[in-house]
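Each protein sequence line maps, in turn, to chains A and B. Just add 1 to the spot in the first sequence (first one is 1) and you have the numbering used here. Just add 453 to the spot in the second sequence (first one is 1) and you have the numbering used here. Heads up, the beta-carbon is just placed ideally off N, CA and C, and yes, glycines get one too. Treat the numbers as computed from the prediction; the structure is a model and nothing was measured.
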Amino acid sequence: MMAWLAEMGGFALDRLVRLGRANLFLLRLLGALRFLFQRPGLLIKQLYMVGVLSLPIILVSGLFVGMVLGLQGYANLVDFGATASLGTVVALSLIRELGPVLTALLYAGRAGSALTAEIGLMKATEQLASMQMMAVDPFQRVLAPRFLAGCIAVPILTGIFTAVGILGGYVVSVIQLGVDGGAFWAQMQAKVQLFADVGNGVLIKSAVFGLLANWVALFEGYEALPTSEGVSRATTRTVVTTSLAVLGWDFLLTALMFGDW
Amino acid sequence: MRQKNLELMVGVFIALGLAAFLLLALKVSDLTSIGNDQGYRITARFENVGGLKVRAPVTLGGVRIGRVISIDLDRQSYEAVATLSIDPRYDRLPADSGASILTSGLLGEQYVSLEPGGMDSYLKNGSVIKLTQSALVLEKLIGRMLTSAASGDAPRK
Numbered sequence: 002m003m004a005w006l007a008e009m010g011g012f013a014l015d016r017l018v019r020l021g022r023a024n025l026f027l028l029r030l031l032g033a034l035r036f037l038f039q040r041p042g043l044l045i046k047q048l049y050m051v052g053v054l055s056l057p058i059i060l061v062s063g064l065f066v067g068m069v070l071g072l073q074g075y076a077n078l079v080d081f082g083a084t085a086s087l088g089t090v091v092a093l094s095l096i097r098e099l100g101p102v103l104t105a106l107l108y109a110g111r112a113g114s115a116l117t118a119e120i121g122l123m124k125a126t127e128q129l130a131s132m133q134m135m136a137v138d139p140f141q142r143v144l145a146p147r148f149l150a151g152c153i154a155v156p157i158l159t160g161i162f163t164a165v166g167i168l169g170g171y172v173v174s175v176i177q178l179g180v181d182g183g184a185f186w187a188q189m190q191a192k193v194q195l196f197a198d199v200g201n202g203v204l205i206k207s208a209v210f211g212l213l214a215n216w217v218a219l220f221e222g223y224e225a226l227p228t229s230e231g232v233s234r235a236t237t238r239t240v241v242t243t244s245l246a247v248l249g250w251d252f253l254l255t256a257l258m259f260g261d262w
Numbered sequence: 454m455r456q457k458n459l460e461l462m463v464g465v466f467i468a469l470g471l472a473a474f475l476l477l478a479l480k481v482s483d484l485t486s487i488g489n490d491q492g493y494r495i496t497a498r499f500e501n502v503g504g505l506k507v508r509a510p511v512t513l514g515g516v517r518i519g520r521v522i523s524i525d526l527d528r529q530s531y532e533a534v535a536t537l538s539i540d541p542r543y544d545r546l547p548a549d550s551g552a553s554i555l556t557s558g559l560l561g562e563q564y565v566s567l568e569p570g571g572m573d574s575y576l577k578n579g580s581v582i583k584l585t586q587s588a589l590v591l592e593k594l595i596g597r598m599l600t601s602a603a604s605g606d607a608p609r610k
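And the structure:
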């Protein structure tokens with residue numbers, strides 16, 4: 002019994018220590034961002050790596066999610082003769098929830114895991130240590146550009162995902178299922194609010210998720226055990242932790258933004 | 454050359470992102486109707502506005518000519534006062550026009566419908582619509598039906 006309690010306590014303390022280290026890591030990272038004014042080229046390269054190269058998966062997923070929403074929404078709404086609201090249904094679900102959340106999850110799988118593996122391998126092959134030997138701060142040179150690029154890329158990817166999703170919904174419902182196109186856009190414009198929906202959903206949520214995803218990915222990479230097994234476990238943990246953190250924070254943000262209390 | 458190519462791709466990426474946000478702002482949400490509210494204001498007093506919401510459309514003959522910008526309660530008469538903003542293009546609405554609150558479809562949202570009158574003078578900024586018809590409240594309707602059924606005078610076959 003005592004051993005069991007002690008194990009539980011040890012586990013909790015372990016988690017707390019890790020959380021503390023993650024916060025210190027974030028502070029150091031934010032402090033190192035200033036360096037990017039001197040070397041903006043590093044940022045461009047990372048934006049290409051995490052942003053441009055994530056475009057194909059974001060475009061295709063957004064299109065298909067929007068098309069599925071159109072099909073499912075139509076199947077449900079047609080019973081009530083309310084298919085004109087299909088535009089509202091598709092746009093609101095994408096803008097408020099699916100756009101930010103799915104983009105963050107896809108980003109964690111596509112770019113977050115790559116970031117962790119890259120940093121972890123740099124650590125395992127002692128590249129980070131050798132940088133320090135040459136008086137180059139790896140936080141400034143390696144971590145800060147990746148962090149900022151990720152935080153810029155996620156909101157942009159979310160915007161693209163949402164816009165493509167709505168176009169996908171339009172293709173299915175108006176062109177294929179014959180919903181009135183005028184009603185589709187008009188009802189959408191009547192119900193979707195710029196600041197309350199697009200601002201809260203696409204901008205604020207995706208900014209929070211972007212910060213979470215990149216923070217977790219870089220921290221896991223930086224803290225990875227310098228072995229091949231350690232790197233592989235860190236990569237897995239990045240995807241799992243990011244997914245859970247994004248879903249948990251999504252609930253909190255939704256409760257605050259749309260919960261009406 | 455490699456660096457230039459990279460910058461080009463990132464530029465395209467950011468431009469795509471901006472285009473997406475522009476689409477969301479202009480085409481999907483209500484930005485077009487914020488800010489260019491230069492319509493003239495008229496008020497209508499209703500006994501009951503039901504589920505009418507601010508920003509609900511104002512229509513005439515099914516065509517949207519404006520929107521509801523505020524709903525308030527008159528503290529003396531206990532009437533609901535809805536302020537409507539009407540597009541200045543439609544500045545020749547007869548002064549004795551009537552307003553009623555209707556529902557689009559069975560479960561749709563409520564809107565204000567204007568019926569043109571026959572007077573030669575026109576509604577202008579600050580005019581009050583006197584002829585109004587309140588929203589149909591479903592519960593009251595059912596209640597009335599039940600009491601008439603209970604009193605036994607409902608025609609039966």
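What are the boundary residues of the alpha helix (DSSP H) that includes residue i?
i               : result
L161 of chain A : At residue 161 of chain A the sequence reads Ile, which differs from the Leu that was named. Here the alpha helix (DSSP H) through I161 of chain A covers A145 to Y171.
P57 of chain A  : L56 to L78
Q133 of chain A : Q128 to M134
E224 of chain A : S207 to E224
A548 of chain B : No alpha helix (DSSP H) contains A548 of chain B, which DSSP labels as neither H nor E.
L477 of chain B : Where L477 of chain B is concerned, there is no enclosing alpha helix (DSSP H), given that its DSSP letter is neither H nor E.
L87 of chain A  : L87 to S94
S566 of chain B : Here S566 of chain B belongs to no alpha helix (DSSP H); instead the beta strand (DSSP E) covers Q563 to E568.
R97 of chain A  : Careful: R97 of chain A lies outside any alpha helix (DSSP H) and carries neither H nor E.
Using a Cβ-Cβ cutoff of less than 7 Å, which residues in the same chain neighbour residue i once the five nearest sequence positions on both sides are dropped?
i               : result
G160 of chain A : V203
K610 of chain B : Its pLDDT being 48, under 50, K610 of chain B is placed unreliably by the model, and the measurement read from it follows with that caveat. Around K610 of chain B: no qualifying Cβ.
A603 of chain B : none
V155 of chain A : T104, A105, Y108, S207, F210, G211 and A214
Please identify the residue among the options whose C-alpha is closest to the C-alpha of residue i.
i               : options                           : result
A191 of chain A : A:L93, A:A105 and A:T117          : A:L93
L31 of chain A  : A:V165, A:L144 and A:V232         : A:L144
R508 of chain B : B:S538, B:L479 and B:Q491         : B:S538
L70 of chain A  : A:R19, A:A256, A:M134 and A:T163  : A:T163
E460 of chain B : A:L25, A:L44 and A:L28            : A:L44
V240 of chain A : A:T117, A:V199 and A:N201         : A:T117
G182 of chain A : A:L28, A:T89, A:I59 and A:R40     : A:T89
F259 of chain A : A:A235, A:M132, A:Y49 and A:N201  : A:N201
V516 of chain B : B:E568, B:L589 and B:I582         : B:E568
Q141 of chain A : A:L37, A:D15 and A:L6             : A:L37
T657 of chain B : B:A478, B:T556, B:Y564 and B:Q529 : What is shown of chain B runs 454 to 610, which leaves residue 657 of chain B out entirely.
N501 of chain B : B:V534, B:Q529 and B:L479         : B:V534
F196 of chain A : B:A478, B:N458 and B:A473         : B:A478
T255 of chain A : A:R97, A:R16, A:T236 and A:I157   : A:R97
S553 of chain B : B:K457, B:L476 and B:G504         : B:G504
A112 of chain A : A:P57, A:D80 and A:L99            : A:P57
Residue i touches chain A at which residues, Cβ-Cβ below 8 Å?
i               : result
V463 of chain B : I45, L48, Y49, G52 and V53
Ordered along the chain, which non-local residues of its own chain (more than five positions away) have a Cβ less than 6 Å from that of residue i?
i               : result
G169 of chain A : L64, G67 and M68
A105 of chain A : F210, A214 and V247
V465 of chain B : none
R238 of chain A : E221
Q188 of chain A : A85, S86, G88 and T89
L28 of chain A  : none
L129 of chain A : M123 and P139
T496 of chain B : V534, T536 and V581
S587 of chain B : F499, E500 and N501
V193 of chain A : A92
K264 of chain A : Here chain A covers residues 2 to 262 and nothing more, so residue 264 of chain A does not appear.
So residue i contacts chain B; which residues on that side make the cut at Cβ distance below 8 Å?
i              : result
G42 of chain A : Q456
L56 of chain A : F466 and L469
A92 of chain A : V481
Counting only the same chain and skipping the five closest in sequence on each side, list residues whose C-beta sits under 8 Å from that of residue i.
i               : result
A548 of chain B : G570, M572, S574, Y575, L576 and S580
V175 of chain A : D181, G182 and F185
R545 of chain B : Y575
L34 of chain A  : A145, F148 and L149
G519 of chain B : G492, P510, V511, L537, S538, I539, D540 and Y543
Taking residue i as part of the beta strand (DSSP E), name the residues at either end of that continuous run.
i               : result
R498 of chain B : Y493 to F499
P510 of chain B : P510 to L513
R520 of chain B : V516 to L526
A535 of chain B : A533 to I539
Y575 of chain B : No beta strand (DSSP E) contains Y575 of chain B, which DSSP labels as neither H nor E.
P84 of chain A  : First, the amino acid is wrong: residue 84 of chain A is Thr here, not Pro. First-last for T84 of chain A: undefined, no H or E at that position.
S584 of chain B : A small fix is needed here, since residue 584 of chain B is Leu in this sequence, not Ser. From DSSP, the beta strand (DSSP E) with L584 of chain B extends over L584 to Q586.
Identify the contact partners of residue i in chain A, using a Cβ-Cβ distance below 9 Å as the criterion.
i               : result
L537 of chain B : What L537 of chain B touches in chain A: nothing, since even the nearest Cβ is about 16 Å away.
I467 of chain B : L48, G52, I153 and I157
Going along chain A, which residues have a C-beta under 7 Å from residue i?
i               : result
L459 of chain B : I45, K46 and Y49
F474 of chain B : G160
Under 7 Å Cβ-Cβ, which residues of chain B neighbour residue i?
i               : result
V66 of chain A  : Correct list: empty, because the minimum Cβ distance to chain B is about 15 Å.
D198 of chain A : S482
V203 of chain A : L477
- Would you list, in chain order, the members of the stretch 151 to 164 of chain A that have their beta-carbon closer than 9 Å to a beta-carbon of chain B? Considering only beta carbons, the part of the stretch 151 to 164 of chain A lying closer than 9 Å to chain B consists of I153, A154, P156, I157, L158, T159, G160, I161, F162, T163 and A164, in chain order.
- What are the residues of the stretch 166 to 195 of chain A that lie near chain B, defined by any Cβ-Cβ distance shorter than 8 Å? Close to chain B, meaning a Cβ-Cβ distance shorter than 8 Å, are the following residues of the stretch 166 to 195 of chain A: I167, W186, M189, Q190, A191, V193, Q194 and L195.
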